[in-house]
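Undergrad: Just passing along the structure, written as structure tokens.
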RNA sequence: CGGGGCGUAGCGCAGCCUGGUUAGCGCGCCUGCCUUGGGAGCAGGAGGUCGCAGGUUCAAAUCCUGCCGCCCCGACCA
């Protein structure tokens, strides 16, 4: 491709709307343009990178025995009503009615459609297992789209669904997908980690998220330095607390005045105690019903754990005003004694003695509170967020917390959809059985954003070779010079003949602009042809990632770049 | 939806508080000259319903009201 013919509108300045690096660079490097909130046009280079990810995904899915198909984006409401998700899914599902007043929606995911397809056409265990996938634009009416391609309303996703005859078969399929996902992200040239994930409302114990490691990631990962344990923070189990020493006697309950002291650290300072000796009472609404959660003063409630413990669809924290409306107590003085709503406690709290809580009365706290002497809870469970001080729940080793971007998620679904949609087959003894399903997603467009988030510097993107829109760029520094131009054109066609993806910057621009654009766009290899070629017969090759530069004859440069790219591509394979 | 911020040329911004005649600046764009190994220089030029609607006023980018859009923080998720 010739730069002079390419739609590649690079920007010198960052549009004000962009906050995170991948968004800024995608805009500046001419990869995307926004149409409206969370909805983007992929310009030629942006699309090229997306296609790279798609192709890798395709090859690895096919290699793992999955088959590609393409399902409709517009889906009838009836199918969603059948699965029960028309009511459950919420406003994220974009619904509309057509000219005949038929209700429809834009597919945010395709469990319903694929299950409907399979129940119509597959009737025998002999046809199983079956693993199907598609790569398609999804629409989710996100509450808050943000960060460019990182969380769009419209985005490109690979979604795959497997159908097995048995649980054990489904687990084998899950394992295959787990391995395939490893290969996908390895081939993308990304630094990533698979972590145990919350299964959400779907349930079941099998779920992994594939996380691209990047400081700007929205998720926090817990990784053991000692064993193979790795989990999403919201899922990460906290090791059970140590029991207190046996000789600790229970002291009598005592009410103390704490005028105007509401925050944990303020109360603790005033009373001369540590936050480890205080218990916070947090109020949540679980599907609309208030519930109080007790955690130690220096801990935080993990809402996902609470949600799973309660079996709720949705839990949300309440604000100060709601706390007063619900409990009649101003926030800051809330405590479990005499509280009028159900109360659950983190395991850590259950192991504490003589602790301090709010008195459910303005300007008062209670000290030397003890469970179960002074109050009862309906449940003790692991409800708090893990901290850096905690030990690995698997081996007791040191933990490391790091940030990641979720680019893939695999679930073992079980039979929840096949039951709801009455999707069955006959097993070898002619018994009707529900399919055992799995589902597997990859955020294709997000993967491109995550790659940039992970690989950039002050000058621009540093694409991993497998995702780069072009593998090599040739800079013709002086298109008016016939000798230079002839050399550039010759290298251009030779590289193309070698099967490489090459961009020739043949624009009538000053060298500085060409250097800056090449750095910004992040093409892995750069060949510069300028007056040094006229003087010494040499061109310059430079790698974007490490800036290593060498001057060579055009012939040597050609073989050097060709072999470097072949080696680089091969290195991402297992 | 709750909280915060923004909307003036393709991009980045100033002007608004304290209303006043042709609405500015930098970058980009067009023409010419010049320059050519890290976003040059000179000269000339094009480009604006000041987000939309209403109101106040002799007069509104500026003050008031309503609406729309966009961004950031929270819940959601590939």
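Numbering (the numbering used here), first residue to last: 1305 to 1878.
Note that the Cβ used here is the ideal one computed from N, Cα and C, for glycine as well.
Once DSSP output is grouped into helix, strand and coil, what is the label at residue 1775?
TA: Counting from one through the first chain, the residue named residue 1775 turns up at place 471. Looking at residue 1775 - three-state DSSP - the assignment turns out to be coil, as it is neither helix nor strand.
Undergrad: Only counting runs of 4 or more residues, tell me where the alpha helix (DSSP H) segments fall wholly within the segment 1488–1576, in order along the chain.
TA: Fully enclosed alpha helix (DSSP H) runs of 4 or longer: 1568–1575.
Undergrad: Taking the alpha-carbon positions, what's the residue 1873 to residue 1847 distance?
TA: The count along the first chain starts at 1 and reaches residue 1873 at position 569. The count along the first chain starts at 1 and reaches residue 1847 at position 543. For residue 1873 and residue 1847, the distance between alpha carbons rounds to 14 Å.
Undergrad: Three or more beta-carbon pairs under 8 Å between the segment 1681–1701 and the segment 1483–1496, yes or no?
TA: No, because fewer than three Cβ pairs between the segment 1681–1701 and the segment 1483–1496 fall closer than 8 Å, the two stretches do not touch.
Undergrad: Tell me the rounded alpha-carbon separation between residue 1754 and residue 1454.
TA: The residue you call residue 1754 lines up with position 450 of the first chain. The residue you call residue 1454 lines up with position 150 of the first chain. Those two C-alpha atoms are separated by around 7 Å.
Undergrad: Which one of 1770, 1668, 1654 has the shortest CA to CA distance from residue 1634?
TA: For the purposes of this step, residue 1634 is identified with residue 330 of the first chain, where counting begins at 1. Nearest option by C-alpha distance: 1668.
Undergrad: Counting only runs of 3+ residues fully inside the segment 1385–1450, write out the beta strand (DSSP E) ranges in chain order.
TA: The qualifying runs are 1399–1401, 1407–1410, 1434–1443.
Undergrad: Which runs of the beta strand (DSSP E), 3 residues or longer, sit entirely within the segment 1313–1340?
TA: Here the runs fully enclosed are 1336–1340.
Undergrad: Going residue by residue through the segment 1636–1723, where are the continuous beta strand (DSSP E) segments of at least 3 residues, counting only ones entirely within it?
TA: As far as the segment 1636–1723 is concerned, its whole beta strand (DSSP E) runs of at least 3 residues are 1647–1650, 1659–1662, 1668–1673, 1683–1685, 1703–1718.
Undergrad: Would residue 1748 and residue 1417 be called neighbours here (beta carbons separated by less than 9 Å)?
TA: By 1-based counting over the first chain, the position of residue 1748 is 444. By 1-based counting over the first chain, the position of residue 1417 is 113. Not closer than 9 Å, so no.
Undergrad: Let's see if you can read the secondary structure: which residues bound the beta strand (DSSP E) around residue 1586?
TA: Working through the first chain from its first residue, we reach residue 1586 at position 282. Per DSSP, residue 1586 belongs to the beta strand (DSSP E) from 1583–1590.
Undergrad: Am I right that residue 1374 and residue 1436 are in contact with their C-beta atoms under 8 Å? What's the rounded C-beta distance?
TA: The residue labelled residue 1374 in the question sits at position 70 within the first chain. The residue labelled residue 1436 in the question sits at position 132 within the first chain. Their Cβ separation, rounded to whole angstroms, is 10 Å, which puts residue 1374 and residue 1436 out of contact at 8 Å.
Undergrad: Considering residue 1748, what are the terminal residues of the alpha helix (DSSP H) in which it resides?
TA: Position 444 of the first chain, counted from the first residue, corresponds to residue 1748. Looking at the DSSP string, the run of the alpha helix (DSSP H) that includes residue 1748 is 1748–1758.
Undergrad: Residue 1798 lies in the beta strand (DSSP E); which residues open and close that run?
TA: By one-based count along the first chain, residue 1798 stands at place 494. Careful: residue 1798 lies outside any beta strand (DSSP E), inside the alpha helix (DSSP H) at 1786–1801.
Undergrad: Report yes if the C-beta of residue 1623 is less than 8 Å from at least one heavy atom of the ligand ZN; otherwise report no.
TA: The ligand ZN is not part of the structure shown, which contains no ligands of any sort.
Undergrad: State the beta-bridge partners of residue 1467 as determined by DSSP.
TA: Reading the first chain from its first residue, position 163 is the one you call residue 1467. Paired residues: 1434, 1741.
Undergrad: Of the residues 1433, 1419, 1407, 1310, which one's Cα is nearest the Cα of residue 1368?
TA: For the purposes of this step, residue 1368 is taken as the residue at position 64 of the first chain. It is 1433 whose Cα lies nearest to the Cα of residue 1368.
Undergrad: Using 9 Å as the threshold, is the C-beta distance between residue 1739 and residue 1503 below it?
TA: Start at 1 with the first residue of the first chain, and residue 1739 comes out as number 435. Start at 1 with the first residue of the first chain, and residue 1503 comes out as number 199. No. Outside cutoff.
Undergrad: Within the same chain, show all residues whose beta-carbon is closer than 8 Å to that of residue 1495, passing over the 5 residues directly before and after it, in chain order.
TA: As a working mapping, residue 1495 is identified with position 191 in the first chain. Around residue 1495: 1516, 1517, 1758.
Undergrad: Please classify residue 1751 as buried or exposed, where buried requires at least 16 neighbouring CB atoms within 10 angstroms.
TA: What you label residue 1751 is simply residue 447 of the first chain in a count that begins at 1. Looking at its Cβ environment, which holds 16 or more other Cβ atoms inside 10 Å, residue 1751 is buried.
Undergrad: In the DSSP assignment, the beta strand (DSSP E) including residue 1606 goes from what residue to what residue?
TA: Here residue 1606 is taken as the residue at index 302 of the first chain, counted from 1. First-last for residue 1606: undefined, no H or E at that position.
Undergrad: Figure out for me which residue from 1762, 1773, 1774, 1815 has the closest Cα to the Cα of residue 1784.
TA: The count along the first chain starts at 1 and reaches residue 1784 at position 480. Residue 1815 is the option with its Cα nearest to residue 1784.
Undergrad: Using beta-carbon positions only, say whether residue 1344 and residue 1337 come within less than 9 Å of one another.
TA: Mapped onto the first chain, residue 1344 falls at position 40. Mapped onto the first chain, residue 1337 falls at position 33. Result yes, Cβ atoms of residue 1344 and residue 1337 sit closer than 9 Å.
Undergrad: Here's the rule: buried if 16 or more other CB atoms are within 10 angstroms of the residue's CB, otherwise exposed. What is residue 1617?
TA: The count along the first chain starts at 1 and reaches residue 1617 at position 313. With fewer than 16 Cβ atoms within 10 Å of its Cβ, residue 1617 is classed as exposed.
Undergrad: Does the distance from the C-beta atom of residue 1662 to that of residue 1636 stay below 9 Å?
TA: Your numbering for residue 1662 matches position 358 in the first chain. Your numbering for residue 1636 matches position 332 in the first chain. Yes, these two residues count as a Cβ contact at 9 Å.
Undergrad: Express the C-alpha separation of residue 1857 and residue 1866 in angstroms, rounding to a whole number.
TA: Against the first chain, residue 1866 aligns to sequence position 562. Against the first chain, residue 1857 aligns to sequence position 553. Answer to the nearest angstrom: the Cα atoms are 14 Å apart.
Undergrad: Is residue 1587 buried or exposed, if buried means 16 or more other CB atoms sit within 10 Å of its CB?
TA: In the first chain, the residue the question calls residue 1587 occupies position 283. It is buried - the Cβ of residue 1587 has at least 16 other Cβ atoms within 10 Å.
Undergrad: Out of 1479, 1704, 1601, which has the shortest C-alpha to C-alpha gap to residue 1694?
TA: Translated into positions along the first chain, residue 1694 becomes position 390. Closest option to residue 1694, Cα to Cα, is 1704.
Undergrad: Sort 1469, 1451, 1386, 1446 by Cα distance to residue 1426 and report the nearest one.
TA: Translated into positions along the first chain, residue 1426 becomes position 122. The option with the nearest alpha carbon to residue 1426 is 1469.
Undergrad: Put residue 1617 into one of helix, strand or coil per three-state DSSP.
TA: As a position in the first chain, residue 1617 is number 313, starting the count at 1. Residue 1617: coil per DSSP, three-state reduction.
Undergrad: For residue 1855, which of helix, strand or coil comes out of DSSP?
TA: On the first chain, residue 1855 is found 551 positions in, with the first residue counted as 1. Residue state, collapsed to three classes: strand.
Undergrad: Looking only at C-alpha atoms, which of 1622, 1395, 1381, 1387 sits nearest to residue 1590?
TA: The count along the first chain starts at 1 and reaches residue 1590 at position 286. The residue with the shortest Cα to Cα distance from residue 1590 is 1622.
Undergrad: Classify residue 1614 as buried or exposed, calling it buried when 16 or more other Cβ atoms lie within 10 Å of its own Cβ.
TA: As a working mapping, residue 1614 is identified with position 310 in the first chain. Buried, since its Cβ has 16 or more Cβ neighbours within 10 Å.
Undergrad: Can you find at least 3 beta carbon pairs, one from the segment 1560–1573 and one from the segment 1526–1540, that sit closer than 8 Å?
TA: Contact fails: fewer than three Cβ-Cβ distances are below 8 Å.
Undergrad: Can you tell me which of 1802, 1410, 1767 puts its alpha carbon nearest to the alpha carbon of residue 1377?
TA: The residue given as residue 1377 occupies position 73 in the first chain. For the residues 1802, 1410, 1767, the minimum Cα distance to residue 1377 belongs to 1410.
Undergrad: Report the three-state DSSP secondary structure of residue 1764 (helix, strand or coil).
TA: Taking the first residue of the first chain as 1, we reach residue 1764 at position 460. Three-state result, residue 1764: strand.
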